[in-house]
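Student: Residue numbers (the working numbering), protein chains in the order written: chain S, 19 to 129; chain G, 1168 to 1282.
Backbone N, C-alpha and C fix where the C-beta goes; we use that ideal spot for every residue, glycine too.
Source: prediction; values computed, not measured.
Take this structure, written in structure tokens, and hold onto it; I'll ask about it next.
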Amino acid sequence: EAQVTQNPRYLITVTGKKLTVTCSQNMNHEYMSWYRQDPGLGLRQIYYSMNVEVTDKGDVPEGYKVSRKEKRNFPLILESPSPNQTSLYFCASSLIGEPQHFGDGTRLSIL
Amino acid sequence: ILNVEQSPQSLHVQEGDSTNFTCSFPSSNFYALHWYRWETAKSPEALFVMTLNGDEKKKGRISATLNTKEGYSYLYIKGSQPEDSATYLCAPSGNSGGSNYKLTFGKGTLLTVNP
């Protein structure tokens, strides 16, 4: 089954404790992206990647890192999480120029 | 950051009504426009990607048009059903900041279809 898989689905953690949210797709898509969704602000793009070893900043990249060492994986790294990064996060993937397939979301709470 | 506006913010219609909503975006440096449907407690689901001025796309009872010269797209739903209740998001991409592939989402139009 074609899918985008995010892990974990839910996480409660504390300020400053490094965390990684994984994202994996099995559709051989070149394009992958991370978004955060906050009430009243809609979906905002954090980082995106056009292919292996090619990443670019979205509209809200501060406080996040990504890597694209393999085509199927695009982890989101929070080196020193802060409470303002509490949010619902979505990973998505697509062929270039095609509609994106979204994962089920990861709800992060940073205390 | 692109300025993307969707209107109305929310809409209530009766089952069987046809409805439409608007996505406005900067017409300069336009590359593509995405439409997504987002049901509560689920993840966004793709409807269309449109690139050409005058383009029209259709998926069942849902269709969309694109005007890149004036910077807007309309989404139409014919004969709305309760299962159409969702938030409809548009996301243009353009060559601002050096990339055609950076998406900026609007805040969406929340559609509620009453049986």
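Name the chain S residues whose beta carbon is nearer than 8 Å to that of G/I1168?
Tutor: D77
Student: Among residues of its own chain, excluding the 5 on either side of G/P1282, which ones have a beta-carbon nearer than 6 Å to its beta-carbon?
Tutor: E1182 and P1249
Student: With 16 other CB atoms within 10 Å as the buried threshold, where does G/D1251 fall?
Tutor: buried
Student: Drop a sphere of 10 angstroms on the beta-carbon of S/P26, count the other beta-carbons inside from all chains shown, and report buried for 16 or more, exposed for fewer.
Tutor: exposed
Student: Using a Cβ-Cβ cutoff of less than 7 Å, which residues in the same chain neighbour S/E97 once the five nearest sequence positions on both sides are dropped?
Tutor: K36 and K83
Student: For S/A20 versus S/M50, is the C-beta spacing smaller than 7 Å?
Tutor: no
Student: How far does the beta strand (DSSP E) with S/Y66 in it reach, from first residue to last?
Tutor: G60 to N69
Student: Do you know offhand how far G/K1224's Cα is from S/T31's?
Tutor: 44 Å
Student: Compute the Euclidean distance between the alpha carbons of S/E71 and S/K87, then round it to the nearest angstrom.
Tutor: 6 Å
Student: Along chain G, in chain order, which residues have C-beta atoms closer than 9 Å to that of S/Y49?
Tutor: Result: Y1268.
Student: Along the stretch 1184-1207 of chain G, where does the CB come closer than 7 Å to a CB of chain S? Name the residues.
Tutor: Under the 7 Å Cβ criterion, the stretch 1184-1207 of chain G contributes A1199 and H1201.
Student: Determine, using beta carbons only, whether G/L1242 and G/W1202 come nearer to each other than 7 Å.
Tutor: yes
Student: Taking buried to mean at least 16 other C-beta atoms within 10 Å of its own C-beta, is G/K1269 buried or exposed?
Tutor: buried
Student: In three-state DSSP terms, what is G/E1250?
Tutor: Helix, per DSSP.
Student: With DSSP run on the structure shown, which of helix, strand or coil describes G/Q1181?
Tutor: If DSSP states are grouped into helix, strand and coil, G/Q1181 belongs with the strands.
Student: In the DSSP output, what is S/T73 paired with across the bridge?
Tutor: Bridge pairing for S/T73: S/S67 [DSSP].
Student: Cβ atoms of S/Q55 and S/V22: under 7 Å apart, would you say?
Tutor: no
Student: Among G/L1277, G/S1185 and G/V1216, which one has its Cα closest to the Cα of G/R1228?
Tutor: Of G/L1277, G/S1185 and G/V1216, the residue nearest in Cα terms is G/S1185.
Student: G/E1212 and G/S1191: beta carbons closer than 7 Å?
Tutor: no
Student: Measure the C-alpha to C-alpha separation of G/H1179 and S/F120 and round it to an integer number of angstroms.
Tutor: Taking the straight line joining both Cα atoms gives about 27 Å.
Student: Would you mind working out which of S/L61, S/K89, S/P101 and S/F108 sits nearest S/H47, comparing C-alpha positions?
Tutor: The shortest Cα separation from S/H47 among S/L61, S/K89, S/P101 and S/F108 belongs to S/K89.
Student: For S/P26, which three-state DSSP category applies?
Tutor: In this structure, S/P26 counts as coil in the three-state DSSP scheme.
Student: Would you list the residues sitting across from S/V84 in a DSSP beta bridge?
Tutor: S/L94
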